[in-house]
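Read top to bottom, the protein sequences are chains A and B. Take the first sequence: its position 260, counting from 1, is numbered 1192 in my numbering, and each next residue is one higher. Take the second sequence: its position 267, counting from 1, is numbered 1199 in my numbering, and each next residue is one higher. Cβ atoms here follow ideal geometry from the backbone N, Cα and C, with glycine treated the same way. Only a predicted model underlies this, so the values are computations on that prediction, with no experimental measurement involved.
There are 2 protein chains.
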Amino acid sequence: MSSLDEAGVIDVVARGELPRPGVLLGIGDDAAVVQPPPGKLMVLATDTLNEGVHFPVGIASCDLGHRAVAVNLSDLAAMGATPAWALLSLSMPAADAEWVTGFVEGAQRLAKRHDVAIVGGDTVRGPLSVCMHVVGFVEPERFLARGNASPGDAVFVTGHPGDASAGLSLLQSGDSGNRLTDRFLRPQPRTDVGCALGGVASAAIDISDGLVTDLRRMAAASGARFVIELRDLPLSDALVDLRGADAALQHALAGGDDYELCFTVDPGREALLGGLAADWDCGITRIGHVEAGEGLVLLKDGEPMQVTSLQEWQHFPKAHS
Amino acid sequence: MSSLDEAGVIDVVARGELPRPGVLLGIGDDAAVVQPPPGKLMVLATDTLNEGVHFPVGIASCDLGHRAVAVNLSDLAAMGATPAWALLSLSMPAADAEWVTGFVEGAQRLAKRHDVAIVGGDTVRGPLSVCMHVVGFVEPERFLARGNASPGDAVFVTGHPGDASAGLSLLQSGDSGNRLTDRFLRPQPRTDVGCALGGVASAAIDISDGLVTDLRRMAAASGARFVIELRDLPLSDALVDLRGADAALQHALAGGDDYELCFTVDPGREALLGGLAADWDCGITRIGHVEAGEGLVLLKDGEPMQVTSLQEWQHFPKAHS
């Protein structure tokens, strides 16, 4: 295993650089210079992943590279934005050439799939941590916020919440290489869904912090009450088979690490949504509705369920060590 | 001392938010939505500061907040860009309310002075680290790169290189509260200089990694040789008085942490530069010239000096512990 200096790390990142129209100056100067598309709004997001907090110690570097890109693109998807450029700040105790190469491959593979150019960044010595910054664009009338849900709207979620956190628990007990661990290790940002939802959905959020936490945030930001029918949650067969129905529900509601989108749609637009959804492999499921009021109500067989007992995702108390 | 949860930290940052035209959605959603000015290029930079590597353990939180903004704005200044927006990712072992408030005050004070809005970010648990991303704008014909210097150009530097690293060494030996320590703790990004240099300078870089390292980078990127007259380096009286002339030179050449700009100017534009420089408090000094060839030559009393003995700033080997 050979060790890289700062310039060596930058070289590895730069070798994978995607030639992309609009990039006047990419990796290698004090900053990147890019040409924004005319007439669009810019959407800016950042997410940091710390070892032992946001990913387990010992994760493969290609999985970490994938994850850094995925979690950031997920934020843009929640805004309805098309991603364009990314900056990557990588903090490492030492720069092992093989590790860095794997990391960059994982990051670039997912970035390229979404036509994102990594145009710059920073390489520093320190505890293992990745901070990524992404820039996307959206037409002015199509951006999505979490605070625009209205009473009467239907609530939808993409994919199968809970799979990722069950996958993490499998990894922590030494298991690997199945559908659930893959859902934790290789989250797929819902870029296509988010971009298509602009002008269709009334509000959206990504549920990386767990469905309950993020639904509460949508409810608070929208000044409305979210009512969720637990029997409608799209639990995957793999999750229910592994954990049983009750624990599967707990994973889906409070597990976190699902980079799925939760969004609301005015009933008048549900038909339009249905037409779009036919193209989405991840699937969407109606899980509830919005009404006047505040907070989150979870209905179990029609009866409100106490949610205070759920272990919610909080960046400070919880760890992936 | 009270402790904050993630929402509490976000509240502290959001309270200091600057209302700024063009910010459609600031702190509090999955991403920020902003309106870029028409007809300009976008400049993107990121810099991470890790405790014990980029700043000493125990630094006051307001100084750290200032530093995070300063080092990022310095990158934009080196590109000739006017800063607009910033995203702040803050990693902390625990969120003490007083510490966070001080950090945000330090960051917002400098950001506001440069008309920069902190529009979003991320708060995570982990080792103390700040990752900032900044977005600026520049007219297409005015952006500066490090690789456009030509033989015949004059080489200039702003301010007094070496002061910051001497200030750091004073802090490490328990000293504080003088001009040199202030130069380390409160670097001033040369935003006005950088913006004015667009269309005047041929190339520019910020010398945060030390003059020798960054001059070599300019030379390599420009495919030319940089020749520097050591007697022309603008050593401050405070630095020479403290360290003597030889050690002062070492600080100026290889100390690092100076957020000054080094830039090159075609001789035909030196008169124009002189007119602009009258407005710059930091001052500028001509320290050498560019010629055909490669690499960096340091002249001491007209004789080339060996530079291999200089301790250069490298992120991996060196630490501020």
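* Residue span of the beta strand (DSSP E) that contains glutamate 1223(B), given as start and end -> Secondary structure note for glutamate 1223(B): its beta strand (DSSP E) is the uninterrupted segment 1216–1223.
* **Length of the line joining the Cα atoms of glutamine 1120(A) and aspartate 1007(A)** => For the pair glutamine 1120(A) and aspartate 1007(A), the Cα-to-Cα distance works out to about 12 Å.
* Asked: Residues in its own chain within less than 6 Å of aspartate 937(A) by CB, not counting five upstream and five downstream?
  -> Hits under 6 Å: none found.
* Three-state secondary structure assigned by DSSP to aspartate 1178(A) -> Annotated three-state conformation of aspartate 1178(A) is helix, per DSSP.
* Which residues bound the alpha helix (DSSP H) around arginine 1148(B)? -> 1143–1154 is the span of the alpha helix (DSSP H), which, as asked, contains arginine 1148(B).
* Cβ pair leucine 1076(A), aspartate 1189(A) closer than 8 Å -> The answer is no: Cβ separation not under 8 Å.
* Asked: Do serine 1061(B) and threonine 1145(B) have their C-beta atoms within less than 8 Å of each other?
  -> Note that the C-beta distance between serine 1061(B) and threonine 1145(B) is not below 8 Å.
* For arginine 1122(A), the three-state DSSP class (helix, strand or coil) -> Reduced to three states, the DSSP call for arginine 1122(A) is coil.
* What first and last residue would you give for the alpha helix (DSSP H) that runs through histidine 885(B)? -> The question about residue 885(B) has no answer here: the residues shown for chain B are numbered 933 through 1253.
* **Other residues of its chain near aspartate 943(B): CB distance less than 6 Å, five sequence neighbours each side excluded** => The beta carbon of aspartate 943(B) sits closer than 6 Å to no other beta carbon from its chain once the five residues preceding and following it are set aside.
* Asked: Does the beta carbon of tryptophan 1017(A) come closer than 8 Å to any beta carbon on chain B?
  -> At least one chain B Cβ lies under 8 Å of tryptophan 1017(A).
* Who does isoleucine 1050(A) pair with in a DSSP beta bridge? -> Within the DSSP bridge table, the entry for isoleucine 1050(A) names Ala1018(A) as partners.
* Asked: Is the segment 1185–1205 of chain A close to the segment 1051–1068 of chain A, with three or more CB pairs under 8 Å?
  -> Proximity of the segment 1185–1205 of chain A to the segment 1051–1068 of chain A falls short of the contact definition, fewer than three beta-carbon pairs being nearer than 8 Å.
* Between the C-alpha atoms of phenylalanine 1069(A) and tryptophan 1017(B), what's the straight-line distance to the nearest angstrom? -> Each residue's Cα considered, the two are about 15 Å apart.
* Which term fits leucine 1204(A), buried or exposed, when burial requires 16 or more other beta carbons within 10 angstroms of its beta carbon? -> With fewer than 16 other Cβ atoms inside 10 Å of its own Cβ, leucine 1204(A) counts as exposed.
* To do: Could you give the DSSP three-state label for glutamate 1276(A): helix, strand or coil?
  => Any question about residue 1276(A) goes unanswered here, given that chain A covers just 933 to 1253.
* Quick one: residues in its chain with C-beta nearer than 6 Å to the C-beta of valine 1051(B), no 5 flanking neighbours on either side, listed in chain order? => Apart from the 5 residues on each side of it in sequence, valine 1051(B) sits with its Cβ closer than 6 Å to the Cβ of Val955, Gly958, Ala964 and Trp1017 in its chain, given in chain order.
* Counting contacts by CB-CB distance shorter than 8 Å, is leucine 1231(A) in contact with chain B? -> Answer no: the Cβ-Cβ gap between leucine 1231(A) and chain B never drops below 8 Å.
* Asked: Do the segment 997–1012 of chain B and the segment 965–979 of chain B touch if we need at least three Cβ pairs shorter than 8 Å?
  -> Contact holds between the segment 997–1012 of chain B and the segment 965–979 of chain B, because three or more Cβ pairs, one in each stretch, are under 8 Å apart.
* Leaving out the 5 sequence neighbours to the left and right, which residues in its chain are closer than 6 Å to glutamine 967(B) when beta-carbon positions are compared? -> Leaving aside the five residues that flank glutamine 967(B) on each side, the residues in its chain whose CB is nearer than 6 Å to its CB run, in chain order, Gly954.
* Do you know whose CA, among Asp961(A), Thr1123(A) and Ala1098(A), lies nearest glycine 1053(A)'s CA? -> The candidate whose alpha carbon is nearest that of glycine 1053(A) is Asp961(A).
* Sequence ranges, alpha helix (DSSP H) only - wholly within the segment 979–1032 of chain A, length at least 4 -> Counting whole runs of 4 or more residues, the segment 979–1032 of chain A contains the alpha helix (DSSP H) stretches 993–1010.
* Interface residues of the segment 1047–1062 of chain A facing chain D [CB-CB below 9 Å] -> The displayed structure is made up of protein chains A and B, and chain D is not among them.
* Can you say whether proline 970(B) is buried or exposed, counting buried as having 16 or more other CB atoms within 10 angstroms of its CB? => Proline 970(B) is exposed by the Cβ-count criterion.
* To do: For the segment 991–1000 of chain B and the segment 1077–1089 of chain B, state whether three or more C-beta atom pairs, one from each stretch, are separated by less than 8 Å.
  => Output reads no: the segment 1077–1089 of chain B does not touch the segment 991–1000 of chain B.
* Asked: Three-state secondary structure (DSSP) at alanine 1251(B)?
  -> Residue placement at alanine 1251(B) is poorly supported in this model, since its pLDDT is 46, which falls under 50; the coordinates still yield a value, given next. Note: alanine 1251(B) maps to coil in three-state DSSP.
* Asked: What does arginine 1078(B) reach in chain A if we use C-beta pairs closer than 9 Å?
  -> By Cβ distance, chain A contributes Gly960, Asp961 and Asp962.
* **Proximal residues, the segment 1111–1145 of chain A versus chain B, C-beta separation under 7 Å** => Taking a C-beta cut-off of 7 Å against chain B, the contacting residues of the segment 1111–1145 of chain A are Ile1137 and Asp1138, listed in chain order.
* Which one of Gly1234(A), Gly1225(A) and Thr1113(A) has the shortest CA to CA distance from isoleucine 1219(A)? -> Looking at Gly1234(A), Gly1225(A) and Thr1113(A), the one whose alpha-carbon comes closest to that of isoleucine 1219(A) is Gly1234(A).
* To do: Taking valine 1095(A) as part of the beta strand (DSSP E), name the residues at either end of that continuous run.
  => According to the sequence provided, residue 1095(A) is aspartate. The question's valine does not apply to it. No beta strand (DSSP E) contains aspartate 1095(A), which is instead part of the alpha helix (DSSP H) from 1095–1104.
* **Against chain B: residues of the segment 962–979 of chain A by CB proximity under 9 Å** => Identification of residues in the segment 962–979 of chain A having a C-beta nearer than 9 Å to some C-beta of chain B yields Asp962, Ala963, Ala964, Val965, Val966, Gln967, Pro968, Pro970, Gly971, Lys972, Leu973, Met974, Val975, Leu976, Ala977, Thr978 and Asp979, given in sequence order.
* How would you list, in chain order, the residues of chain A whose beta-carbon sits under 9 Å from the beta-carbon of histidine 1183(B)? -> Per Cβ cutoff of 9 Å: no residues; histidine 1183(B) is ~21 Å from chain A at best.
* **N- and C-terminal bounds of the beta strand (DSSP E) containing isoleucine 1137(B)** => Element bounds for isoleucine 1137(B): 1133–1138.
* Are any of the Cβ atoms in chain A nearer than 8 Å to that of methionine 1150(B)? -> Not flagged as an interface residue toward chain A: methionine 1150(B), since no C-beta distance is shorter than 8 Å.
* Asked: Helix or strand or just coil, what does DSSP make of alanine 946(A)?
  -> Reduced to three states, the DSSP call for alanine 946(A) is helix.
* To do: Give every residue of the same chain whose Cβ lies closer than 8 Å to the Cβ of glycine 1084(A), excluding the five residues on either side of it in the sequence, and list them in chain order.
  => Asp1198, Pro1199, His1221, Val1222 and Glu1223, listed in sequence order.
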